[in-house]
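Below is one structure, written out as structure tokens; comments come after it.
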Amino acid sequence: MRIAVDPGEDVAPALDAGLKAFNERIADTSDPQQVQVSVRDDGGKIVGGVVGRVWMGSFYIGTVWIDDSLRGKGHGKAMLEMAEAEGRRLGAKMVWLHTLSWQARPFYEALGYDCFGEVPVSGGHFRYFMRKTL
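Quick note, in my numbering, the sequence shown goes up one by one and the last residue is 596.
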């Protein structure tokens, strides 16, 4: 047996496969279902969107981004509401995400998200964990 810091490319896939097998055996779960919403300009360039996954009745949103030129025009709200609707369609009963103190906590709160935890990060900032019932 050897335990070591290991930068090998085979480490993460092996751990993911082992955890997936364990979860399926214990909780009889299926694979997470990907949710993606994009905002594209007239030329087809992606200028915003949401990426997340639904798993075990919960929708985790990992990425939310909108180009600076589009902020404050309702596009962020529209794309997040569309992602939430898709999550609900896929069986999610709640949605959660995390944001940093210089990012969008007030935006999420205005859309009905509650902060259920915070963790300090470097520079005197915080990571806020937000959730909402769907």
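Every residue, glycine too, gets a C-beta built ideally from N, C-alpha and C. Quick caveat, the model's predicted, so the values are computed rather than measured.
query                                                                                            : result
Opening and closing residue of the beta strand (DSSP E) in which ARG502 lies                     : 495 to 502
N- and C-terminal bounds of the beta strand (DSSP E) containing LEU532                           : LEU532 -> no beta strand (DSSP E), and no H or E assigned at all.
Limits of the unbroken beta strand (DSSP E) element including ARG567                             : Here ARG567 belongs to no beta strand (DSSP E); instead the alpha helix (DSSP H) covers 567 to 572.
PRO475, enclosing alpha helix (DSSP H) - first and last residue                                  : 473 to 489
Residues near PHE588 in its chain [Cβ-Cβ closer than 8 Å; skip 5 each side]                      : LEU562, SER563, GLU580, VAL581, PRO582
The region 512 to 519 / the region 484 to 497 touching (three or more Cβ pairs under 8 Å)        : yes
Per-residue burial, GLU546 [other beta carbons within 10 Å of its own, 16 or more giving buried] : buried
First through last residue of the alpha helix (DSSP H) which encompasses HIS537                  : 537 to 551
Per-residue burial, GLU548 [other beta carbons within 10 Å of its own, 16 or more giving buried] : buried
Rounded distance between the beta-carbons of TYR575 and LYS594, thought under 8 Å                : 5 Å
From ARG550, ARG551, ILE523, GLY510, residue whose alpha carbon lies closest to that of SER531   : GLY510
MET463 and VAL499 closer than 8 Å at C-beta                                                      : no
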